[in-house]
Every structure is written in structure tokens, then in C-alpha cells.
Amino acid sequence: MDERDIRDHFLAQAKGCDGLGSPFTAKLCRALAKVLDANTRTGQAALGWPGDARADGLSLRLCGALHALVLTGADERLTQLYPPNQTSEDEIAAVLPEAIARSDERIVAGLAGAPQTNEIARSAMLLPGFLTVARETGLPLDLFEIGASAGLNLLFDSFHYRYGDAEWGDPASPVRLAPEVRGRAVPLTGDINVRHRSGCDIAPVDFADAAARLRLRSFIWADQGARLARLDAALSLAEKLPPLLVRADAAEFVEKALAARQQGGAFVLYHSIMWQYLPRATKDAITATLERAGRQATADAPIARLRMEPRDPTKKWAVLSLTLWPGGETRRLAHCDYHGRWIEWIG
1 MDERDIRDHF
11 LAQAKGCDGL
21 GSPFTAKLCR
31 ALAKVLDANT
41 RTGQAALGWP
51 GDARADGLSL
61 RLCGALHALV
71 LTGADERLTQ
81 LYPPNQTSED
91 EIAAVLPEAI
101 ARSDERIVAG
111 LAGAPQTNEI
121 ARSAMLLPGF
131 LTVARETGLP
141 LDLFEIGASA
151 GLNLLFDSFH
161 YRYGDAEWGD
171 PASPVRLAPE
181 VRGRAVPLTG
191 DINVRHRSGC
201 DIAPVDFADA
211 AARLRLRSFI
221 WADQGARLAR
231 LDAALSLAEK
241 LPPLLVRADA
251 AEFVEKALAA
261 RQQGGAFVLY
271 HSIMWQYLPR
281 ATKDAITATL
291 ERAGRQATAD
301 APIARLRMEP
311 RDPTKKWAVL
321 SLTLWPGGET
331 RRLAHCDYHG
341 RWIEWIG
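If you count by full-length UniProt numbering, then the sequence shown holds residues 1 to 347, one letter each, in order.
Put into C-alpha cells, the structure is as follows:
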């Protein structure tokens, strides 16, 4: 990608942030598109990015590195630009070059890691899918999440949910999710019995490590305080109920998990807003492994794939879909906001 492509990438991310309710991050991305230059190592690294900036989440990496400076109080002048203060795009652009220069090495280091948010609100999109599997199989669930980040969404059944007038979960939970319901009521009938839960990530976040927690928090957009509060609540819950999380390639994790599956439970592979980041070979391997195992699935040992992922690049929402073996039929259950702000049940 050349320099113009990189700047266009930041402008495209700004448009996406506007659509996802983060006007500050949109202004920040537009300002970065203007001011990045070769006078700093940060500018050189960004404008000379060797890969696909969009696929690598370059703009989000840089926004996260800057947010980390604010969260740690490392740059008072930069902090003055951030919410709750109200600032214009021009004001941000005027301060950024010097802020980048002051923390150049730290920001460059922050570009090394891919964005991870472990968005807790996506559990409110996934829950109706888990309930569907539980109702239709009548079995306990064995849950396996790929791209699990810190594994916080593995704790989904310890959260409290409200969908309009309907509630589900622990009313005393510190994690409280209440997405907007569009259209039909979300079906919440049935019970969930989790027999096993584990997740994998190529770079799992150790939430017990202060630096890792900071990085996780830094990828939450600075003007979305409710998201940050949800993350902090889930982290507090994970300290009491630490999820089982392993560092592994997603395809290898799925193959091993399926090979070890047991009778008397529904094997559920699930993932949310991560499929796009996997290499094509990994995607193909997971799909092939599931299809092979699916042909051997029985009513006493069914296999489900639950995913919340973009399915149509022309749409501004993700799709919650479920594939269930025996049979292997794939159904679209809901349209979902990427950050879990709303759900439209269509299943």
C-alpha cells in the first residue's frame, strides 16, 4: 500500500467510527490522516506499513497506542484533547504531531500488536444462539471459543441481560447488558447448562497482567465510557471466575477439541468479529474439520457452529448464524450491531 492508500484507510476508519457512535475517534482518525509524516518513527511505520492496513487494523492500533498514553496519564497535553473534553478535528490535528514526537518510541511499540477489545456486549448477541442450541438439542453445552482474547465472553452466563421487558441471567451480576431490540422479541426460553468451556487465541490476553489490561482498555474508544465500564466489570468477574484460555492456532484448537468431544453434550464452536482476521488457510482448515466431524454427529453428540460475523460487505451490521449437525443446515438468526448495541431477531 502506498502513502495515499494509508491515509485513505484512516479516513475509511473515521467513517466507520462515525457509524458506530464514536465521533471523537472519527475526528482522531481524520486528524491522523492529515498529520502523519516521516518526521517521526510512528509516521514512518504507519505510512510505510508493509501489510494490508485495513486487515491489520493499523488505524485502530495507532488510536489504541495514543489512548494508552491518556489512560496512564503519560501526556497531559494529549489528555486535554480527550473526552470528556470537547475538541474539534483541527484542535486535535494541531496537537498530535508534538504528542507523537514526545512518545514516539512507545507509540511505535504499540503498533506491534493487533487490536483486541474483547467486546462484552457481543455476549448479548450470542446468548439467544446458545439458548437455541440448548432448546433444540436438549443437552448440556460444551463451549469452545476461537479468537477469545481475554476469554471474557466465555463467562456469558454470569452476566445479566435485558431485552426490552424480558430479562435473563444473574440479577446481581456486575455485567449488565441491555441492547436495543429491533422488531420481533428475542426468544429467551429454555435453560443453559454449560458442561465445559474453553477458548483459544493466537495472542491471549492475560487479564491478571497490568500491561495487558491496559492494552485491552486502550482499544475501547475514548468517548464510549459505557463500553469501558462493561469491560472493567467483566474483568472484575473474571478474577473470581477465571476462564480456561490457551494460546493456540484456531484450526489446531478446533481439531483437537473435536477429536476429544464426548457423548451426552452439544459441542458448540463460536466466534464473534474475528473471522476476517484469520488467514485463508486457517479458515479453510476449520471449515473442513467441522464438516468432517459434522458427518459423524449424532443426536446424542451434536455439533453446532455459532458465529456473529459480517456476512455482506454492503451491510452495516453483523449476522448471527447457526449451523447444526446432524444435518448441517445453516440459519440466520439475527442481525446485530458490531458492538452489541442492538439486535434484530429474524430466526
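Backbone N, C-alpha and C fix where the C-beta goes; we use that ideal spot for every residue, glycine too.
CA-to-CA, the gap between L269 and W325 works out to about 12 Å. Using a C-beta cut-off of 8 Å, the segment 219-228 makes no contact with the segment 157-164, since fewer than three inter-stretch Cβ pairs fall below that distance. D142 is classed as buried because its beta carbon has at least 16 other beta carbons within 10 Å across all chains shown.
Spanning the alpha carbons of L78 and R230 requires a straight line of approximately 25 Å. The three-state reading of DSSP puts L111 in coil, since its state is none of H, G, I, E or B. Taking C-beta atoms under 8 Å as the contact rule, E98 and L47 fail to qualify, at a distance of about 18 Å. Linking N153 to I120 through their CA atoms gives a straight-line distance of about 6 Å. Here T330 carries a strand assignment [DSSP, helix/strand/coil].
For H196, the enclosing beta strand (DSSP E) stretches over residues V194 to D201.
In this structure, L111 sits near L62, with a CB-CB distance shorter than 8 Å. Of all alpha-carbon atoms in R135, G199 and L139, the one lying nearest the alpha-carbon of F156 is that of G199. For D206, there is no enclosing alpha helix (DSSP H), as DSSP gives it neither H nor E.
By the criterion of a C-beta distance shorter than 6 Å, A26 is surrounded in its chain by A14, C17 and D18, once the five residues flanking it on both sides are discounted. Annotation for R227: I220 place their beta carbon closer than 6 Å to its own, counting only its chain and skipping 5 residues before and after. Contact between A150 and V205 holds: CB atoms are separated by about 4 Å, below the 8 Å threshold.
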